[in-house]
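Trainee: Below you'll find the structure I mean.
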Amino acid sequence: MRIGLISSAVPLVDGGYRFIVDWLREQLVARGHRVEVLYLPFLDAPEEVLPQMAAFRMIRLDEYFDRVITFRPPAHAVTHRCKVVWFIHHLRVFYDLWDTEHRPVADDASGRALRAAIMAADTRALGEAHRVFTNSRVVGDRLRRFNGLESEVLYPPVLRPERFRAGAHGDEIVSVCRMEPHKRQHLMVEAMGHVRSPVRLRLCGASLNPDYVERLRETARRLGVAGRVTIEERWITEEEKAGLLEHALASAYLPFDEDSYGYPTLEAAHAGRATVTTEDAGGVAEFVTDGVTGLMVPPDPVAIAQAFDRLHGDRALAARLGRAAGEHVRALGIDWDVVVEKLLA
């Protein structure tokens, strides 16, 4: 089959959506399909959103592909006789974040008209799809609430889960993801000022926000924990992730209202590691059950510190939660064979 994988992208910026697209391409090619990936740049400036949606809408792909699969918005606006949408999030500032400080325009007649036009265009483009999948129940609930559309959850797997190994538990809480304010690494660093055990923290990942990374370092210095907090601001390879998790005490992933469970959670589970997260982490709650596959606490440095100390003082608990996380992955059928079968049905 000739398959086009279509997504918007921020040039020169990596993110989980690129993993989903690129890893799916590898899986489809391995199964004998001809696959082309098309990334188109997208600027989220309010005045540019509708013109860019129109540009996606004008793309005609029927001549080249038997099926197209779209990912990051507004790629779903493309037209094709057999369009499958793997929807990973809305343009959230016009949806669930509208009534927050993240709203990009004034809540006046003009702003509300822009929001309504975007929502109407999304609803039309998504409604014409052959099938619509989401990467989490959270995103599926938003589609139902805002667009009146039903979807099926299709969890994205990691590429080669067998590379993750479960070694002996060390003293280090590991967090591997982009260092950005909404990922809230600052809560982890602040928690280290309250821990009572000799637990350590390692933050790894690239960042588009050097001021935030410097804030993390300054916080560690101010709290007197710089010697126990390692901050590596760089791209971490898949092999390095496996090595970091192999002997970690646990993984920590504290995003605010995340769209999905997040690759850090899944990678930790494949390595037999529990995840420490927070009650407001959104889609992460679909995977982390407190006391079963990880620890879920309020988004408060003291509560996070207590979770770190609890795992450091009870290695049997850390091991039990990690094993349960791995078993949960298998029970959910987070597997490329399942993904490919559903996307091509």
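Residues in the sequence shown are numbered from 175 upward in steps of one, following the working numbering.
Beta carbons: idealized from backbone N, C-alpha and C, even for Gly.
1. Taking contact to mean at least 3 C-beta pairs separated by less than 8 Å, is the segment 456-466 in contact with the segment 338-353?
2. Go to Glu501, then tell me how far its alpha helix (DSSP H) extends in each direction, as first and last residue.
3. Step through the CB atoms of chain D and report whether any lies within less than 7 Å of the CB of Val369.
4. Between which two residues does the alpha helix (DSSP H) holding Tyr386 run?
5. Is it true that the segment 300-317 meets the segment 420-436, where meeting means three or more beta-carbon pairs spaced less than 8 Å apart?
6. Flag this pair as touching only if the segment 500-518 and the segment 328-335 have three or more C-beta atom pairs under 8 Å; answer yes or no.
7. I'd like to check one pair, Phe239 with Gly301: are the Cβ atoms closer than 7 Å?
8. Using the three-state DSSP reduction, which class does Gly344 fall into: helix, strand or coil?
9. Buried or exposed for Pro475, going by 16 or more other Cβ atoms inside 10 Å?
10. List the endpoints of the continuous alpha helix (DSSP H) containing Ile194.
11. According to DSSP, simplified to helix, strand and coil, what is Ala424?
12. Could you give the residue range of the beta strand (DSSP E) that holds Gly468?
13. Use the C-beta contact count for Trp409: other C-beta atoms within 10 angstroms, 16 or more gives buried, fewer gives exposed.
14. Cβ of Glu407 within 7 Å of Cβ of Ser381?
15. Who are Pro307's beta bridge partners in DSSP?
16. Closest to Asp483 by CA distance: which of Ala204, Val399, Arg374 is it?
17. Cβ of Ala445 within 7 Å of Cβ of Ser349?
18. Along the chain, which unbroken stretches of the alpha helix (DSSP H) at least 4 residues long are found entirely within the segment 343-373?
Mentor: In terms of the structure at hand:
1. No, the segment 456-466 does not touch the segment 338-353.
2. Looking at the DSSP string, the run of the alpha helix (DSSP H) that includes Glu501 is 489-506.
3. Annotation note: the requested chain D is absent from the structure, which comprises a single protein chain.
4. Segment 384-396, the alpha helix (DSSP H) holding Tyr386.
5. Flag = yes, the segment 300-317 and the segment 420-436 touch.
6. In the pairwise beta carbon analysis, the segment 500-518 is classified as touching the segment 328-335: at least three pairs are separated by under 8 Å.
7. Going by C-beta atoms, Gly301 is not nearer than 7 Å to Phe239.
8. In the displayed model, Gly344 falls within coil according to three-state DSSP, outside both helix and strand.
9. Burial check for Pro475: the Cβ neighbour count within 10 Å reaches 16 or more, so the residue is buried.
10. For Ile194, the enclosing alpha helix (DSSP H) starts and ends at 190-204.
11. Strand.
12. Unbroken beta strand (DSSP E) run through Gly468: 468-471.
13. Trp409 should be labelled exposed.
14. Yes; because the gap between Cβ atoms is below 7 Å, this pair is in contact.
15. Residue identity differs from the one stated: residue 307 is Phe in this sequence, not Pro. In the DSSP assignment, the residues bridged to Phe307 are Trp260, Glu326.
16. Checked all of Ala204, Val399, Arg374; the closest Cα to Asp483 is Arg374.
17. The answer is no: Cβ separation not under 7 Å.
18. Those alpha helix (DSSP H) runs which fall completely within the segment 343-373 and span 4+ residues are 359-366.
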